[in-house]
Amino acid sequence: RHIAVIMDGNGRWAASRNLPRIEGHRAGTKAVQEIVETCGRLGIKFLTLYAFSKENWKRPAREVSRLWNLLEDYLRKKDQELVKNKIRLLAIGQRNGIPASVRKELEKVEGMTRDLDGLTVVLALNYSGRAEIVDAVKRIFRERNIDLDRLDEQTFARYLYTASIPDPDLLIRTSGELRVSNFLLWQMAYSEIWITPVFWPDFRRLHVLQALVDYQKRERRFGAVHGQPAADV
Ligand code: FPP
């Protein structure tokens with residue numbers, strides 16, 4: 074149902090070709106295009122892409138502004154194509170920190186695609202998993218009539234940015250790094266993880282299929298023992 078992706082390795086892809094880092098990000102948008110198309114065709118319902126973390130602001134100003142420009146361009150150029158392919162676009166993250174022009178474009182595309190029922194592409198923008206949890210706690214405290222004794226995991230999850238989105242079944246990370254990098258910390262509790270050494274700009278349809286074949290061989294136990302009934306406690 075839901076694939077989440079940490080698109081890593083754009084900088085190294087560019088460096089290995091003696092290109093500026095932004096060229097890696099630009100090439101990365103082509104991989105985004107192919108993966109969105111593939112997931113749509115496969116009937117996957119949600120695809121979450123880690124496009125800009127809160128920590129990414131620590132990068133050189135030039136790289137940061139060009140990354141946002143790329144995202145804005147993507148939103149501006151792809152809107153009709155998203156509609157044509159029945160793709161709904163959503164963003165998660167701290168919206169008020171997103172540059173105004175990107176936010177405007179984003180909200181326009183979110184509005185245009187709101188009722189589409191194909192694949193939902195979730196862009197994580199100015200996103201941090203820890204900040205998301207803190208933001209949820211703040212929202213809960215602001216709701217004066219909440220009964221804290223009755224607050225359980227299901228209710229808590231309704232205060233996250235992902236309230237309307239199921240937890241990821243599969244996390245894909247490119248470029249071989251073995252980290253979750255502050256991505257969907259709450260939601261990833263039982264996600265299967267698939268890591269490939271391939272840099273994001275080289276990630277193609279074939280790699281999605283490899284990840285899915287591998288996923289299908291996994292046994293998801295969610296903490297239980299397969300084939301054994303739960304204890305009667
Ligand atoms: C990580 O590679 C990648 C990012 C921080 C940005 C991801 C953005 C894109 C793929 C472009 C636009 C996205 C969309 C949705 C249109 P890195 O720069 O950390 O690579 P490195 O670890 O090799 O330096």
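For the sequence shown, the numbering used here assigns the number 74 to the initial residue and increments by one for each residue that follows. Note that CB positions come from ideal geometry on N, CA and C, so glycine has one too.
Rounded straight-line distance, which links the Cα of A236 to that of L143: 27 Å
Any idea if D81 is buried or exposed, counting beta-carbon neighbours within 10 angstroms, 16 or more meaning buried? buried
Supposed contact pair I79 and S254 - C-beta distance, whole angstroms, cut 8 Å: 6 Å
Is T102 near the ligand FPP, going by C-beta to nearest heavy atom under 7 Å? yes
Could you round the C-beta distance between R85 and F272 to whole angstroms and report it? I think they count as a contact, below 8 Å. 6 Å
Quick one: does the C-beta of L196 sit closer than 7 Å to a heavy atom of the ligand FPP? yes
Through-space distance from A297 to L163, alpha-carbon basis: 33 Å
What three-state label does DSSP hand I95 in the structure shown? helix
Following a CB-centred definition, is H46 positioned closer than 7 Å to any heavy atom of the ligand FPP? Since the first residue shown for the chain is 74 and the last is 306, residue 46 is missing from the structure and cannot be characterised.
Beta-carbon separation (whole angstroms), G249 vs P270, contact threshold 8 Å: 4 Å
Could you tell me the alpha carbon to alpha carbon distance between D222 and T228, rounded to whole angstroms? 12 Å
Could you check the C-alpha separation between L233 and P93 for me, to the nearest Å? 36 Å
With a threshold of 7 Å (Cβ to nearest heavy atom), would Y147 be considered close to the ligand FPP? yes
Spatially closest choice to T29 from A304, N83, H280 and H98, by CA coordinates: Residue 29 falls outside the range modelled here, since the chain spans only 74 to 306, and no answer is possible.
DSSP three-state assignment for S68, whether helix, strand or coil: Summary: the structure shown does not reach residue 68, with the chain confined to residues 74 through 306, and so no result is reported for it.
Of all Cβ atoms in chain C, is any one closer than 8 Å to the Cβ of L143? Judged by its chain identifiers, the structure shown contains no chain C, having just a single protein chain.
Cβ separation of W267 and D242, assumed to be a contact under 8 Å, to the nearest whole Å: With 8 Å as the limit, W267 and D242 do not qualify as a contact, their Cβ atoms being about 11 Å apart.
Given L244 as reference, the closest of S89, T121, D190 and I165 once Cα atoms are compared: T121
Find out if the Cβ-Cβ distance for the pair N218, F125 is shorter than 8 Å. no
What did DSSP end up calling N83 once you bin it into helix, strand or coil? helix
Helix, strand or coil: how does DSSP classify T247 here? coil
Using the three-state DSSP reduction, which class does Y288 fall into: helix, strand or coil? helix
With DSSP as the reference, label L189 as helix, strand or coil. coil
Can you check the region 98-185 for any beta strand (DSSP E) of at least 3 residues that lies completely inside it and give the ranges in chain order? 119-126 and 161-165
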